[in-house]
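K.L.:
Quick note, the sequence shown lines up with residues 53 to 251 if you use the working numbering.
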Amino acid sequence: MSSKPRIGIILSTTRETRFADRPAQWVLDIARARGDADYEIVDLRDYPMPLFEAAMSPGYAPIEHEVTKRWAAKINELDGYIFITAEYNHSITGALKNALDHVYHEPKRKPAAFVGYGGVGGARAVEQLRLILIELQMAPTRSAVHVGMEPMLGMLRNGKDFGDYDYLGASVGPMLDELLWWTRVLKAGRDDAALAQAA
Ligand SMILES: Cc1cc2nc3c(=O)[nH]c(=O)nc-3n(C[C@H](O)[C@H](O)[C@H](O)COP(=O)(O)O)c2cc1C
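In structure tokens, the structure reads:
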């Protein structure tokens, strides 16, 4: 098995005609070409969990629901995350918030980076997501990629692709550099803490 860190690229939307697949695949291709981590797509469609209905926060008791357990296990096995962040009513999607409410210990002390898309590049949703992740004791990166409405419409209506927007491609590298720095540092910290606990 590879000893590289594992990074999940998490899609935040589930609707049939979503745009999300395009930025997710674009970032996956760029990231995989770097060879510095094992990158994979994590699609919320594959984790159709109920609206939160557990007796208490997963911080206090694990949630005994088949889909939720699979979701928590996936988040647990990853060392870092890239959220493909849509903006719904100036915030993150309900699907992503619900999914995040179903984990607590699994993403703790792990970093997260962001590819936002929407009117202002999904910036309002990304800012709110950063705050939510801090409560989950995660480390959100400063660097992010913001895909604004002009390139989105260019792709949705005028047959353009990410390759037509050089400035977007140029912003992926710095984001991944920062994410991987935090991924390595926090993984070493978690491993140290686990060793100290076992001693
Ligand atoms: C319920 C809903 C609310 C939206 N609110 C916003 C918004 O606040 N800001 C924005 O930039 N775009 C907003 N949009 C437009 C989305 O940016 C656009 O539909 C985008 O494609 C959504 O991501 P998805 O295709 O992956 O679902 C909204 C779309 C939906 C469906």
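All C-beta atoms in this analysis are idealised placements derived from N, C-alpha and C, irrespective of residue type, glycine included.
Taking only the alpha-carbon atoms, compute the straight-line gap between L231 and A251 and give it to the nearest angstrom.
P.N.:
C-alpha separation (whole angstroms): 30 Å.
K.L.:
Helix, strand or coil: which one does DSSP assign to T120?
P.N.:
The answer is helix: DSSP assigns T120 an H, G or I state.
K.L.:
Could you tell me whether the Cβ atoms of L103 and T66 are closer together than 8 Å?
P.N.:
Taking 8 Å as the Cβ cut-off, L103 and T66 do not qualify as a contacting pair.
K.L.:
Could you check what DSSP says for D131 in three-state terms: helix, strand or coil?
P.N.:
D131 falls in the coil class under three-state DSSP.
K.L.:
Going by DSSP in three states, P92 sits in which element: helix, strand or coil?
P.N.:
First, the amino acid is wrong: residue 92 is Glu here, not Pro. DSSP places E92 in strand when its eight states are reduced to three.
K.L.:
By a C-beta neighbour count over all protein chains shown, 10 Å radius and 16 as the cutoff for buried, is A255 buried or exposed?
P.N.:
Here the chain has residues from 53 to 251 only, and residue 255 is not among them.
K.L.:
Would you kindly report the start and end of the unbroken beta strand (DSSP E) that includes Y169?
P.N.:
Note, Y169: beta strand (DSSP E), 163 to 169.
K.L.:
In the structure shown, what three-state DSSP assignment does V172 receive?
P.N.:
Coil at V172, not helix or strand.
K.L.:
For ligand 1, is there any heavy atom lying closer than 7 Å to the beta carbon of Y91?
P.N.:
No.
K.L.:
Suppose the cutoff is 6 Å on Cβ atoms and the five residues either side in sequence are ignored; what does the same chain contact list for V130 look like?
P.N.:
Reading off the sequence shown, one finds Leu at residue 130, where the question assumed Val. Cβ neighbours of L130 beyond the five flanking positions: R58, G60.
K.L.:
Examine ligand 1 and report whether any of its heavy atoms sits within less than 7 Å of the Cβ of T65.
P.N.:
Yes; taking the cut-off as 7 Å, the Cβ of T65 has a heavy atom of ligand 1 nearer than that.
K.L.:
Beta carbon of A89, beta carbon of K56: below 8 Å?
P.N.:
Yes.
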